[in-house]
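>
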Amino acid sequence: MISPNISILDGSLFFTISLVFALLSFLGYFSFLFSGNKLVSKLSFAALITAFTIQTFAFAERWIYAYKIGINTPPLVDLYDSLAFFAYVVIFGFILIRLFYDFDALGFIVTFVAAAALAFASFSPLAPSAIEPTIPALQSYWLLYHIIALFMAYGAFGVSFGLGILYLLKYKKENNLVKKQGRFLSLLPDSTIIDEAIYKVIVFGLVFLTAGIVIGAAWADSAWGGFWSWDPKETWSLITWLTYILFIHARIAKGWAGKKMAWIAVIGFVVVIFCYLGVDLIIPGLHSYATPGSTPVL
């Protein structure tokens, strides 16, 4: 039975097609971990680029469709579109970091996260794909800037999560804490390189998270007359921000590096996911996704 979330008219079919390529990429990178075959890695990356390209087309198709039916704001505020966009920015983050580092093994984690988000969007009843009119408060030029800034941060933190896992695995190998060292561990770059990448990616993400929170506060003031209301999402956004500020402070002021930083990168992304999905699905609030068919605020 075809999911009601799949339609050619509103572009959702193309997100499902991109899911297929993301899964192919995931399987390819999984195979690469055991074979170390560079051709497999290149084909996996090509499949991921294809998924990213199809997603780009899907967003364009979906936005055009929204305007055709009289909705003048980009369809990014509901759970379906935000999940698709989350997958998009995580893939984008991996594409960017791959330009500077030989992190093929990271592709396995990135494609898993992206495919999981796309699968949830395509098949979960909690994420209907129908494009609904937005409430008046969301019909603002602040909307697009707020969402893009936050999701660029989420994408960066998703990549830092993957790098954190790679570092912890490499740390075990370098310190002979693994009894049986397979090919996978030998594919990982030096731990100092991974550590450097984690720091740079988190700084990048924190800049966008800060911008997203500031834009959201300015938007809230213009729409509701106050910069901050301690809504559950706002509170957890602050907790997320403080988590990564702790990372930067520990790095610069305390000289922390390596294993401690990797753990903060991993735990930080767990906080991000709870802020993004957990709060919206569990705790009622202005940003809630809890009611299918509603128009939540990101």
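In the working numbering, the protein residues as written are 381 to 678.
For glycine and all other residues, C-beta sits at the position ideal for the given N, C-alpha and C.
(1) If distances are taken between C-alpha atoms only, which option among Tyr579, Phe480 and Tyr468 comes closest to Gly635?
(2) Whose C-alpha, out of Asn417, Ser415, Phe414 and Phe432, is nearest the C-alpha of Leu403?
(3) Give the secondary structure of Ala680 by DSSP, where H, G and I count as helix, E and B as strand, and everything else as coil.
(4) What is the rounded straight-line gap between the Cα of Gln447 and the Cα of Asn555?
(5) Round the Cβ separation of Val594 and Ile628 to the nearest angstrom and send it over; I've been treating them as touching at under 8 Å.
(6) Find the nearest neighbour of Ile644 within the set Gly450, Leu548, Phe472 and Tyr409, judged by alpha-carbon distance.
(7) So what's Ile382 in DSSP terms, helix, strand or just coil?
(8) Using three-state DSSP, classify Glu554 as helix, strand or coil.
(9) Note down, in chain order, each residue of its chain lying with its Cβ closer than 7 Å to the Cβ of Ala497, except the 5 sequence neighbours on either side.
(10) Note down the Cα distance separating Ile489 from Phe649, rounded to an integer number of angstroms.
(11) Should Ile475 and Leu428 be called a contact, given that it needs their Cβ atoms to be closer than 9 Å?
(12) What does the alpha-carbon distance come out to for the pair His526 and Cys655?
(13) Find out if the Cβ-Cβ distance for the pair Ala600, Gly606 is shorter than 9 Å.
(14) Helix, strand or coil: how does DSSP classify Val677 here?
(15) Suppose only complete runs of 4+ residues qualify. What are the alpha helix (DSSP H) ranges in the stretch 481 to 553, listed by chain order?
(16) From Gly408 to Val420, what does the alpha carbon distance come to, in whole angstroms?
(17) Determine the extent of the alpha helix (DSSP H) in which Ile477 is found, giving its start and end residues.
(18) For Ser609, name the three-state secondary structure that DSSP assigns.
(19) Which residues in the same chain have their Cβ closer than 7 Å to the Cβ of Phe395, if we skip the five residues on either side of it in sequence?
(20) In the DSSP assignment, find the unbroken alpha helix (DSSP H) run with Asp660 in it and report its ends.
(21) Buried or exposed for Trp608, going by 16 or more other Cβ atoms inside 10 Å?
(22) What separation, rounded to the nearest whole angstrom, lies between the Cα atoms of Val659 and Leu486?
(23) Kindly indicate which residue of Glu512, Leu546, Phe410 and Phe492 has the alpha-carbon position closest to the one of Leu459.
(24) If Leu524 and Pro454 are in contact, beta carbons under 8 Å, what's the gap, nearest whole angstrom?
(25) So which of Gly450, Leu399 and Ser617 has the shortest CA-CA distance to Leu657?
(26) Counting only the same chain and skipping the five closest in sequence on each side, list residues whose C-beta sits under 7 Å from that of Glu614.
(27) Hey, Trp621 and Thr572 are a contact pair by Cβ (cut 8 Å); roughly how many whole angstroms apart?
(28) So, are the CB atoms of Val347 and Tyr534 less than 9 Å apart?
Quick look at the numbers:
(1) Translated into positions along the sequence shown, residue 635 becomes position 255. Of Tyr579, Phe480 and Tyr468, the smallest CA-CA separation from Gly635 is found for Tyr579.
(2) Here residue 403 refers to the residue found at position 23 when the sequence shown is read from its first residue. Comparing Cα-Cα distances from Leu403 to each of Asn417, Ser415, Phe414 and Phe432, the minimum goes to Phe432.
(3) It is not possible to answer for residue 680, since the shown part of the chain is limited to 381 through 678.
(4) Taking the first residue of the sequence shown as 1, we reach residue 447 at position 67. Taking the first residue of the sequence shown as 1, we reach residue 555 at position 175. The residue asked about is misnamed: residue 447 is Tyr in this sequence, not Gln. Their backbone Cα atoms lie some 57 Å apart in a straight line.
(5) Start at 1 with the first residue of the sequence shown, and residue 594 comes out as number 214. Start at 1 with the first residue of the sequence shown, and residue 628 comes out as number 248. For a cut-off of 8 Å, the C-beta gap from Val594 to Ile628 is around 17 Å, too long to register as a contact.
(6) As a working mapping, residue 644 is identified with position 264 in the sequence shown. Cα-wise, what sits closest to Ile644 is Leu548.
(7) By one-based count along the sequence shown, residue 382 stands at place 2. Residue placement at Ile382 is poorly supported in this model, since its pLDDT is 44, which falls under 50; the coordinates are not used for a value here.
(8) Residue 554 sits at position 174 when you count from the first residue of the sequence shown. In the structure shown, Glu554 adopts helical secondary structure according to DSSP, grouped into three states.
(9) Here residue 497 refers to the residue found at position 117 of the sequence shown. By the criterion of a C-beta distance shorter than 7 Å, Ala497 is surrounded in its chain by Leu463, Phe466 and Ala467, once the five residues flanking it on both sides are discounted.
(10) Your numbering for residue 489 matches position 109 in the sequence shown. Your numbering for residue 649 matches position 269 in the sequence shown. If I take the Cα positions, the gap works out to 13 Å.
(11) By one-based count along the sequence shown, residue 475 stands at place 95. By one-based count along the sequence shown, residue 428 stands at place 48. Contact flag set, yes.
(12) Stepping through the sequence shown from its first residue, residue 526 is reached at position 146. Stepping through the sequence shown from its first residue, residue 655 is reached at position 275. Rounded to the nearest whole angstrom, the C-alpha separation of His526 and Cys655 is 15 Å.
(13) Walking along the sequence shown from the start, residue 600 turns up at place 220. Walking along the sequence shown from the start, residue 606 turns up at place 226. The answer is yes: Cβ separation under 9 Å.
(14) Position 297 of the sequence shown holds residue 677. Because the pLDDT at Val677 is just 42, under 50, the model does not fix this residue reliably, and the value given afterwards should be weighed accordingly. For Val677, the three-state secondary structure derived from DSSP is coil.
(15) If only complete runs of 4 or more residues are kept, the stretch 481 to 553 shows the alpha helix (DSSP H) at 486 to 503, in order along the chain.
(16) Position 28 of the sequence shown, counting from 1, holds the residue named residue 408. Position 40 of the sequence shown, counting from 1, holds the residue named residue 420. Roughly 6 Å separates the two Cα atoms.
(17) Counting from one through the sequence shown, the residue named residue 477 turns up at place 97. Counting along the chain, the unbroken alpha helix (DSSP H) around Ile477 starts and ends at Leu459 to Arg478.
(18) Taking the sequence shown and counting its residues from 1, one reaches residue 609 at position 229. Taken through DSSP and simplified to helix, strand or coil, Ser609 comes out as coil.
(19) Residue mapping note: residue 395 aligns to position 15 of the sequence shown, counting from 1. Within the same chain, Phe395 has close Cβ partners Gln435, Ala438, Ala464, Leu498, Ala501 and Ser502.
(20) On the sequence shown, residue 660 is found 280 positions in, with the first residue counted as 1. Val659 to Ile662 is the span of the alpha helix (DSSP H), which, as asked, contains Asp660.
(21) As a first step, residue 608 is located in the sequence shown; it is residue number 228 there, counting from the start. Taking every protein chain shown into account, the CB of Trp608 has fewer than 16 other CB atoms within 10 angstroms, so this residue is exposed.
(22) For this step, residue 659 is matched to residue 279 along the sequence shown. For this step, residue 486 is matched to residue 106 along the sequence shown. Approximately 28 Å between the Cα atoms of the pair.
(23) By one-based count along the sequence shown, residue 459 stands at place 79. Ranking Glu512, Leu546, Phe410 and Phe492 by Cα distance to Leu459 puts Glu512 first.
(24) Counted from its first residue, the sequence shown places residue 524 at position 144. Counted from its first residue, the sequence shown places residue 454 at position 74. With a Cβ gap of about 6 Å, Leu524 and Pro454 count as contacting.
(25) Here residue 657 refers to the residue found at position 277 of the sequence shown. Out of Gly450, Leu399 and Ser617, Ser617 has the C-alpha closest to the C-alpha of Leu657.
(26) For the purposes of this step, residue 614 is taken as the residue at position 234 of the sequence shown. Around Glu614, the same chain offers Trp608 as residues with beta carbons nearer than 7 Å, after the five sequence neighbours per side are excluded.
(27) In the sequence shown, counting from the first residue as 1, residue 621 sits at position 241. In the sequence shown, counting from the first residue as 1, residue 572 sits at position 192. The Cβ separation is near 27 Å, so there is no contact.
(28) The question about residue 347 has no answer here: the residues shown for the chain are numbered 381 through 678.
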